Amino acid sequence: MGGDLKFETIKKISEANFKVRDLSKISIINSLSPPSVFIGSKLKYPEINVGILSPLEKDENSWIYDDAKYWAENNFEINQILHLRNSLLNSRLRTKVTDARMNKKFLDIIKDVAISSGPVEVEIELKNRIQSGNEKDKVLTPLGMNANFEKAKIIGNVQINRHLDKIINDDIKVSESMKILYENNFDEYSLSKILSVGVLGLKKDRRLVPTRWSITASDDILGKQLLKKVRDYKWLEDYELFYEEFMGNQYLILMFPNVWSFELFELYFPGSSWNPSNEIKASTDFEGFEGRTKYAFNTAGGYYATRLPILKYLDYIKRQASVVVIRIETPSYWASLGVWVVRESVKKALNKKIKFSSKKELLDGAKGISKIKYQFDAENILKMSKLLRNMNLQ
Numbered sequence: 093m094g095g096d097l098k099f100e101t102i103k104k105i106s107e108a109n110f111k112v113r114d115l116s117k118i119s120i121i122n123s124l125s126p127p128s129v130f131i132g133s134k135l136k137y138p139e140i141n142v143g144i145l146s147p148l149e150k151d152e153n154s155w156i157y158d159d160a161k162y163w164a165e166n167n168f169e170i171n172q173i174l175h176l177r178n179s180l181l182n183s184r185l186r187t188k189v190t191d192a193r194m195n196k197k198f199l200d201i202i203k204d205v206a207i208s209s210g211p212v213e214v215e216i217e218l219k220n221r222i223q224s225g226n227e228k229d230k231v232l233t234p235l236g237m238n239a240n241f242e243k244a245k246i247i248g249n250v251q252i253n254r255h256l257d258k259i260i261n262d263d264i265k266v267s268e269s270m271k272i273l274y275e276n277n278f279d280e281y282s283l284s285k286i287l288s289v290g291v292l293g294l295k296k297d298r299r300l301v302p303t304r305w306s307i308t309a310s311d312d313i314l315g316k317q318l319l320k321k322v323r324d325y326k327w328l329e330d331y332e333l334f335y336e337e338f339m340g341n342q343y344l345i346l347m348f349p350n351v352w353s354f355e356l357f358e359l360y361f362p363g364s365s366w367n368p369s370n371e372i373k374a375s376t377d378f379e380g381f382e383g384r385t386k387y388a389f390n391t392a393g394g395y396y397a398t399r400l401p402i403l404k405y406l407d408y409i410k411r412q413a414s415v416v417v418i419r420i421e422t423p424s425y426w427a428s429l430g431v432w433v434v435r436e437s438v439k440k441a442l443n444k445k446i447k448f449s450s451k452k453e454l455l456d457g458a459k460g461i462s463k464i465k466y467q468f469d470a471e472n473i474l475k476m477s478k479l480l481r482n483m484n485l486q
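Quick note on my numbering: the sequence shown kicks off at 93 and runs consecutively.
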């Protein structure tokens, strides 16, 4: 079913009668939002753009336009995801972050779309012509088109999960709200969307959160909550190595039986999405047992998107470990698709495990795989590891 749906959807949006349209003649959109919204961050704070994302035409499978887990599970290719995202329109209006506390009809509509359990039928009257344009971003998934809207309305009823409905009406802190929702099967994708529209937290403090911030905030908040549990678990029993390549992103994950610590190295090869130069670029961030107190500026959102699935894995096996992650961004990753690629690549890697009986064997195994599978020598990176140096001093 997954493969057929993938094929039919990509075929549809690639067809000429769907793809090549006179955007200047479109003034009213009747469509299904996946459901998805976008809170922009390019205006001067506290002003922001808030928008509803939807295809130009009604598509019963509109959820596929905004489902990163489905893309990863079905091994979508970069150009296929770009096709999907370029077919989405961001129908938006300007407002202020604190307007989340006010009763404004257009904000209520955007909130309802964001918190819906499934696709939402919307009718949108546009104020100006649709403009195309796609700027690459390390955190955000690409968007293809935008236009300001004059009016918007939801057709039919919006289905809201009862746990979420209760949380929205309660007056509790954001972190506690997200903890409860996560325990009731809301994942980081839905939580970042809900967080962005200002329906969580103490009612006097609620505000709209730009999507790029809400994504990283969700990864960080959930990660910190898992870390509270992971720090109390017994050490990992074996030395474990994980590896995977997805969309031109190569991963090596080394886990050592020890107290929690985490280190990420990101290498950007020449010709990859973020490195037009002829030299390898690199960045790294680290945290010890107590976690971070400052933002990981070097690896930014990728740090938190990498750490979260690793903490989920350790929580699942009820163990703690010291973890070194090496990410290699190759020229095959020619278009930046957002930080979800990091998150899903790490998840895939955690399904490919090799066990070793010693630290030396694990390090040798990582070096061997990096040379054989990735044509890259990991030794120099591992020599720079702060985590490994700290371990040697114990």
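Glycine included, C-beta positions come from ideal geometry on N, C-alpha and C. Keep in mind it's a predicted model, so treat the numbers as computed, not measured.
Beta-carbon spacing of residue i, residue j below 8 Å
{"i": "residue 250", "j": "residue 124", "result": "no"}
{"i": "residue 302", "j": "residue 133", "result": "yes"}
{"i": "residue 400", "j": "residue 454", "result": "no"}
{"i": "residue 244", "j": "residue 198", "result": "yes"}
{"i": "residue 451", "j": "residue 331", "result": "yes"}
{"i": "residue 129", "j": "residue 285", "result": "yes"}
{"i": "residue 402", "j": "residue 433", "result": "no"}
{"i": "residue 291", "j": "residue 203", "result": "yes"}
Spatially closest choice to residue i from the options, by CA coordinates
{"i": "residue 335", "options": "446, 210, 160", "result": "446"}
{"i": "residue 417", "options": "391, 428, 408, 128", "result": "391"}
{"i": "residue 496", "options": "181, 256, 245, 189", "result": "No answer is possible for residue 496: it lies beyond the span of the chain, which begins at 93 and ends at 486."}
{"i": "residue 428", "options": "389, 408, 341", "result": "341"}
{"i": "residue 311", "options": "243, 281, 443", "result": "281"}
{"i": "residue 305", "options": "461, 189, 422, 466", "result": "189"}
{"i": "residue 152", "options": "233, 100, 291", "result": "100"}
{"i": "residue 483", "options": "420, 414, 459", "result": "414"}
{"i": "residue 363", "options": "420, 194, 177", "result": "420"}
{"i": "residue 196", "options": "289, 412, 376, 409", "result": "289"}
{"i": "residue 143", "options": "241, 444, 439", "result": "241"}
{"i": "residue 187", "options": "337, 231, 135, 176", "result": "135"}
{"i": "residue 476", "options": "118, 374, 389, 322", "result": "374"}
{"i": "residue 385", "options": "316, 426, 338", "result": "316"}
{"i": "residue 237", "options": "262, 114, 372", "result": "114"}
{"i": "residue 387", "options": "448, 405, 309", "result": "309"}
{"i": "residue 239", "options": "232, 118, 210", "result": "118"}
Boundaries of the beta strand (DSSP E) in which residue i is found, first to last residue
{"i": "residue 303", "result": "It is not in any beta strand (DSSP E) - residue 303 instead sits in the alpha helix (DSSP H) that spans 303–322."}
{"i": "residue 156", "result": "Premise fails: residue 156 is in no beta strand (DSSP E) and is neither H nor E."}
{"i": "residue 243", "result": "237–247"}
{"i": "residue 203", "result": "Segment 197–207 is the alpha helix (DSSP H) holding residue 203; no beta strand (DSSP E) there."}
{"i": "residue 377", "result": "373–379"}
Cβ distance (whole Å) where residue i is taken to contact residue j below 8 Å
{"i": "residue 367", "j": "residue 360", "result": "4 Å"}
{"i": "residue 469", "j": "residue 463", "result": "6 Å"}
{"i": "residue 122", "j": "residue 215", "result": "5 Å"}
{"i": "residue 441", "j": "residue 345", "result": "6 Å"}
{"i": "residue 431", "j": "residue 394", "result": "6 Å"}
{"i": "residue 126", "j": "residue 148", "result": "With a Cβ gap of about 14 Å, residue 126 and residue 148 do not count as contacting."}
{"i": "residue 140", "j": "residue 300", "result": "6 Å"}
{"i": "residue 273", "j": "residue 255", "result": "6 Å"}
{"i": "residue 347", "j": "residue 319", "result": "15 Å between Cβ atoms; not a contact."}
{"i": "residue 156", "j": "residue 97", "result": "7 Å"}
{"i": "residue 208", "j": "residue 252", "result": "7 Å"}
Delimiting residues of the alpha helix (DSSP H) encompassing residue i
{"i": "residue 449", "result": "Where residue 449 is concerned, there is no enclosing alpha helix (DSSP H), given that its DSSP letter is neither H nor E."}
{"i": "residue 281", "result": "280–288"}
{"i": "residue 84", "result": "The structure shown does not extend to residue 84, since the chain spans only 93 to 486, so no value can be given for it."}
{"i": "residue 338", "result": "Premise fails: residue 338 lies in the beta strand (DSSP E), 331–338, not in any alpha helix (DSSP H)."}
{"i": "residue 394", "result": "393–409"}
{"i": "residue 502", "result": "It is not possible to answer for residue 502, since the shown part of the chain is limited to 93 through 486."}
{"i": "residue 481", "result": "478–484"}
Interface flag, residue i vs chain D, CB-CB below 8 Å
{"i": "residue 271", "result": "Looking for chain D here will not work: only one protein chain is present."}
Does the region 355–362 come within contact of the region 210–225, defined as at least 3 CB pairs closer than 8 Å? no
Any contact of the region 148–163 with the region 264–273, i.e. 3+ C-beta pairs under 8 Å? no
At least three beta-carbon pairs within less than 8 Å, the region 285–299 to the region 374–392: no
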